[in-house]
Amino acid sequence: MRTGLDRELASFNISSAQWAILDACHEGEADTLTSLSRVIPLDAASISRHVDRLVQGGLVQRRRSTRDRRRVRLSLTDAGNRLVPELALRVQSNNAKFLAGIDEPEQESVLQTIRRMLENAEIAVYAEDD
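Positions in the sequence shown are counted from 1; adding 21 to them yields the working numbering.
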């Protein structure tokens with residue numbers, strides 16, 4: 022799926038990992054590197070590199086928190102906000118190829134399984150840090 026998505030997004034010079042960052046910021050799921058690393062199954066260094074590329078591309082901006090200058094908040098630029106819906110159509114098109122012939126209950130079951138796997142992965146990562 023990721024390879025197909027990378028092909029779908031290549032004309033926008035966006036990778037699947039960068040899409041995940043844009044989507045998380047757009048949906049309000051994450052606004053810091055730390056929060057992105059909680060919702061995207063990539064290491065923090067990789068997320069930081071992808072964010073750097075998105076900043077250079079004018080799609081994401083960094084802002085220092087007014088309350089805590091050490092904390093950097095991420096947000097989409099106007100260009101990023103305009104691009105996300107167009108990318109979402111490409112993502113949906115890619116996903117539809119893989120979900121063809123799978124009915125809604127089966128799709129929901131797959132999503133629940135994936136969510137549980139991601140939760141387990143997060144638990145395992147935090148257990149390693151202890």
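Backbone N, C-alpha and C define an ideal beta-carbon position, used for all residues, glycine too.
If one requires a minimum length of 3 residues, the beta strand (DSSP E) runs lying completely within the segment 67-91 are 81-85, in chain order. According to DSSP, L97 shares a beta bridge with V81. Boundaries of the alpha helix (DSSP H) harbouring D27: R23 to L30, taken from the DSSP string. A check of alpha carbon separations from S67 across A41, S86 and L139 identifies A41 as the nearest. When rounded, the separation of the alpha-carbon atoms in T134 and E127 is 11 Å.
Put simply, the backbone Cα of L104 is about 20 Å away from that of R94. With contacts defined by Cβ atoms closer than 8 Å, L75 and L43 form a contacting pair.
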